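For the sequence shown, the numbering used here gives the first residue as 103, with consecutive numbering after it.
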Amino acid sequence: MSMKAAVLYSGGKDSSFVAVMLKRLGLDVELFTANFGVYDSYVPASKSADALGFKHNVLKMDKSILEKTCEMILDDGFPNDGIKYIHKQTIEALADDHDIIADGTRRDDRTPKLDINQIKSLEDRKQVQYINLDSFGHKSVKLITENLFEISHEKSNKDNSSDFEVEIRTLIDEMGGNSLDIFPEHYQTRVIGYKQ
Numbered sequence: 103m104s105m106k107a108a109v110l111y112s113g114g115k116d117s118s119f120v121a122v123m124l125k126r127l128g129l130d131v132e133l134f135t136a137n138f139g140v141y142d143s144y145v146p147a148s149k150s151a152d153a154l155g156f157k158h159n160v161l162k163m164d165k166s167i168l169e170k171t172c173e174m175i176l177d178d179g180f181p182n183d184g185i186k187y188i189h190k191q192t193i194e195a196l197a198d199d200h201d202i203i204a205d206g207t208r209r210d211d212r213t214p215k216l217d218i219n220q221i222k223s224l225e226d227r228k229q230v231q232y233i234n235l236d237s238f239g240h241k242s243v244k245l246i247t248e249n250l251f252e253i254s255h256e257k258s259n260k261d262n263s264s265d266f267e268v269e270i271r272t273l274i275d276e277m278g279g280n281s282l283d284i285f286p287e288h289y290q291t292r293v294i295g296y297k298q
């Protein structure tokens with residue numbers, strides 16, 4: 103029986119790369135996209151997972167975590183600590199039911215990112231193995247994924263992204279804030295299939 107791995111999945115090239123790498127190592131891989139009940143932000147990730155042949159699951163998270171994240175971001179005026187918080191809460195939830203958990207965070211990511219002490223604590227407390235792309239930088243992942251996947255590059259919006267930012271933006275706007283003040287417009291990549 104192969105070991106099971108749960109990958110926190112956004113549909114982007116980093117989390118897709120981790121999923122394919124773990125599958126090639128012989129693990130039984132399932133993909134999970136967090137959702138806090140504010141917007142169906144998991145739909146693009148589900149399409150990417152399907153295109154790559156992976157089972158995709160929606161990890162239903164408590165809306166209060168998203169609310170606290172938005173309050174942190176609005177208080178700070180920038181997203182880093184809030185995104186680290188929501189990411190850590192999601193990884194902790196994923197670790198409750200799985201032996202191996204993974205995400206697509208890279209060496210040069212600043213957020214979201216677990217530090218080494220948080221990783222050691224998670225592995226010890228939950229008796230899990232945590233895997234990420236910490237030995238890979240942006241250029242290395244780009245080189246690998248451009249040769250492995252068909253990737254779309256689009257201006258980020260609610261319908262082409264499944265990262266935390268979608269529901270955070272939605273709730274900040276519902277709370278009377280302006281998410282564009284905190285998250286400037288940017289381009290998003292999403293995996294749409296394997297290179298032929």
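Each residue gets a CB set at the ideal place from its N, CA and C atoms; glycine is no exception. A quick note: this is a predicted structure, and the numbers were derived from the prediction, not measured.
Local Cβ density within 10 Å of residue i, reported as buried at 16 or more and exposed below that
i	result
Ile218	exposed
Pro286	exposed
Gly184	buried
Tyr289	exposed
Asn280	exposed
His189	buried
Ile259	In the sequence under discussion, the amino acid at residue 259 is Asn, which differs from the Ile named in the question. Asn259 should be labelled exposed.
Glu248	exposed
Tyr296	exposed
Arg227	exposed
His255	exposed
Phe134	buried
Asp252	Strictly speaking, residue 252 in this sequence is Glu, with Asp absent from that position. Result: exposed.
Lys222	exposed
As assigned by DSSP and simplified to three states, the class of residue i
i	result
His255	strand
Leu58	Because the chain in this structure spans residues 103 to 298, residue 58 falls outside the shown range and cannot be described.
Asn262	coil
Asn280	coil
Leu127	coil
Phe285	coil
Where the alpha helix (DSSP H) through residue i begins and ends
i	result
Thr291	First-last for Thr291: Tyr289 to Tyr296, but that is the beta strand (DSSP E), not the alpha helix (DSSP H).
Val243	His240 to Leu250
Span of the beta strand (DSSP E), counted from its first residue to its last, around residue i
i	result
Val131	Asp130 to Asn137
Tyr111	No beta strand (DSSP E) contains Tyr111, which DSSP labels as neither H nor E.
Gln231	Gln231 to Leu235
Next on the checklist: Taking contact to mean 3 or more Cβ pairs, one atom from each stretch, closer than 8 Å, check whether the region 262-281 and the region 239-251 are in contact.
Outcome noted: No, because fewer than three Cβ pairs between the region 262-281 and the region 239-251 fall closer than 8 Å, the two stretches do not touch.
Checklist entry - Mind pulling the beta strand (DSSP E) runs of 3 or more residues that sit fully within the region 188-225? => result Restricted to the region 188-225, the beta strand (DSSP E) segments that are unbroken, complete and at least 3 residues in length are 202-208, listed in chain order.
Item to check | Residue ranges of each beta strand (DSSP E) within the region 139-197, 3 or longer | outcome: DSSP assignment within the region 139-197 yields the following whole beta strand (DSSP E) runs of 3 residues or more, N-terminal first: 157-162.
Next on the checklist: When you compare the region 166-180 with the region 141-149, are there three or more beta-carbon pairs, one atom per stretch, that lie closer than 8 Å?
Outcome noted: Judged by Cβ distances under 8 Å, the region 166-180 makes no contact with the region 141-149, as fewer than three pairs qualify.
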